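Student:
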Amino acid sequence: MSSATLDIVATFLPKPGKSGELIDLLSSVAEKAKEQEPGTLIYSILEAKSLDGIDQVVIIERYTGQDTLDFHMAQPYYKEMVGKFDDLCEQRPTASIGTVRGGFVKPAAAP
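Dropping the structure here:
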């Protein structure tokens, strides 16, 4: 197995009026992952709109490898979160997994 990090981009289509509740749920999982999962490097939550104006919530995750992703998905709080998607989302989230092959990340400029 390669030692490359794994990145996930998942897109959720919240039911009307459920964006806040979905973001709260994802934020709770993010906090637990930050505290309990050293192999979870990034867990960013974006409130977004598609180019055609549809409300979305997008998460961007980075893991040190497949083993840490598997560990994340085995946690009880992850399984509990997944069990709530039907109540909060129009459909199951779509997700893509991959490895960064180019681009950059700049640190934010100091204010």
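Residue numbers are given in the UniProt record's numbering: position 101 of the sequence shown equals residue 101, and the series is strictly consecutive.
For each residue, glycine too, the CB sits at the ideal point set by N, CA and C.
Every value quoted in this text rests on a predicted model; they were computed, and no experiment measured them.
What does DSSP give as the partner residue(s) for Arg-62 in the beta ladder?
Tutor: Looking up residue 62 in the sequence shown gives position 62. DSSP, once it has assigned bridges, lists Asp-7 and Ile-42 as partnering Arg-62.
Student: Would you list the residues sitting across from Ser-96 in a DSSP beta bridge?
Tutor: As a working note, residue 96 is residue 96 in the sequence shown. The partner list for Ser-96 (beta bridge, DSSP) reads Val-9.
Student: Going by the beta-carbon positions, is the gap between Leu-26 and Ile-59 smaller than 8 Å?
Tutor: Position 26 of the sequence shown, counted from the first residue, corresponds to residue 26. Position 59 of the sequence shown, counted from the first residue, corresponds to residue 59. Cβ atoms of Leu-26 and Ile-59: closer than 8 Å.
Student: Per DSSP, which one or two residues make a beta bridge with Gln-36?
Tutor: The residue you call residue 36 lines up with position 36 of the sequence shown. Answer by DSSP bridge pairing: none, since Gln-36 is not bridged.
Student: To the nearest angstrom, report how far apart Pro-14 and Arg-101 are at their CA atoms.
Tutor: For the purposes of this step, residue 14 is identified with residue 14 of the sequence shown, where counting begins at 1. For the purposes of this step, residue 101 is identified with residue 101 of the sequence shown, where counting begins at 1. Straight-line Cα distance between these residues: approximately 30 Å.
Student: What's the call for Phe-71, buried or exposed, on a 16-neighbour Cβ count within 10 Å?
Tutor: On the sequence shown, position 71 is the one that residue 71 refers to. Burial call: buried.
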